[in-house]
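Residue numbers (the numbering used here): 19 to 330.
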């Protein structure tokens, strides 16, 4: 999210960026995501472990904008670059798929191991993590202009698109075996990836306008994003059908009753079929639900499409 700078918000933005920068581990070259042992998925290999999740690519825009504007502290951009480079080298596999978590040494910066926390397995690809990477690297390119971040976003987007099921709504893990009616989807991965791909396409078109793009892309990422949004609407849009489902189960529900009341117990998200965590070790697993970030990026992606002036 981008907030317009004003005197009212500036101290908050300055404090946010400096608090985030305080999580930086210089020896590892990354921002610490999880504190070791703080919950079940935050297990560490060593006493000097630094856990980093790919989700935190989404935090780097705050540091970059703060360096340019909010604080004018250039060291914040150095921190963001270091974190992005380490994520690119360690989390992103050569084929464009990704690890969820990497465990670094705080003293040497070496990687102890990379693994999953919310995905299926250490060698699989958690769908929402892949989406965070697509978006995060595209956004960081938009703020730095450094081609390696754009190329990483493209590589991850290509892999994501090539591993979608036929109906277009991603499974919670892009390597999860498909069992009809059983394998959970993740609508939030679809909407995050859609908004990230639109941002990616915007950046590519800016390069085209300046005649700076070196080679053509495998996909039109805006068109791919629209496909993800269409699948989300077709297969995951809640609307009043969620209330009707309750009625089928025997509840007496007035479809015009607002959600979030004791009378309705209605579905409160825009999109259904989100998966927070379906890792085999999750206790309990949390899937086939609404997720606030799925709804947020659904709206954001729709706004991006409107602002682009494109119709499909």
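We treat Cβ as the ideally placed atom computed from N, Cα and C, and that holds for glycine.
- Here residue 234 is not bridged, per DSSP, to any residue.
- By the Cβ test, the segment 303-317 is in contact with the segment 198-208, since at least three Cβ pairs between them sit closer than 8 angstroms.
- In the structure shown, residue 157 falls within a helical segment according to DSSP collapsed to helix, strand and coil.
- Under the DSSP assignment, residue 116 falls outside any beta strand (DSSP E); it carries neither an H nor an E label.
- In the three-state reduction of the DSSP assignment, residue 58 falls in the coil class.
- Taking a C-beta distance under 8 angstroms as the contact criterion, residue 69 and residue 103 do not qualify as a contact pair.
- Each of 225, 177, 251, 152 was checked against the Cα of residue 290, and the nearest Cα belongs to 251.
- CA-CA distance, residue 118 to residue 254, rounds to 25 angstroms.
- By the neighbour-count criterion, in which a residue is buried when 16 or more other Cβ atoms sit within 10 angstroms of its Cβ, residue 67 is buried.
- In this model, residue 161 and residue 150 are separated by some 16 angstroms (Cα to Cα).
- For the pair residue 221 and residue 238, the CB atoms are not nearer than the 8 angstroms cut-off.
- In the structure shown, residue 25 falls within a coil segment according to DSSP collapsed to helix, strand and coil.
- Taken atom to atom, the span from the alpha-carbon of residue 152 to that of residue 65 is near 31 angstroms.
- Per DSSP, residue 288 lies in no beta strand (DSSP E) segment and is marked neither H nor E.
- By the neighbour-count definition (other C-beta atoms within 10 Å, threshold 16), residue 189 is a buried residue.
- When the five nearest sequence neighbours on each side are left out, the beta carbons in the same chain lying within less than 6 angstroms of the beta carbon of residue 236 are those of 176, in order along the chain.
- Looking at the DSSP output, residue 99 sits in no beta bridge, so it has no partner there.
- Counting along the chain, residue 246 sits inside the alpha helix (DSSP H) bounded by residues 239-254.
- Counting C-beta pairs with one atom in each stretch, the segment 129-146 and the segment 76-86 have fewer than three that are closer than 8 angstroms, which means they do not touch.
- Take the alpha-carbon of residue 300 and the one of residue 147: they are about 17 angstroms apart.
- Excluding five sequence positions before and after residue 295, the CB atoms of its chain that fall closer than 7 angstroms to its own CB belong to 136, 303, 304, given in chain order.
- Contact between residue 242 and residue 287 is ruled out by a C-beta separation of about 24 angstroms, above the 8 angstroms threshold.
- For residue 179, the enclosing alpha helix (DSSP H) starts and ends at 165-180.
- The straight-line gap separating the alpha-carbon atoms of residue 124 and residue 48 is approximately 9 angstroms.
- Sequence-distant partners of residue 100 (beyond 5 residues in either direction) whose C-beta falls short of 6 angstroms from its own C-beta, in its chain, are 47.
- Of all alpha-carbon atoms in 38, 130, 34, 244, the one lying nearest the alpha-carbon of residue 109 is that of 130.
- With respect to residue 249, residue 186 sits close: the two C-beta atoms are nearer than 8 angstroms.
- Following the DSSP letters along the chain, one finds residue 67 inside the beta strand (DSSP E) bounded by residues 67-71.
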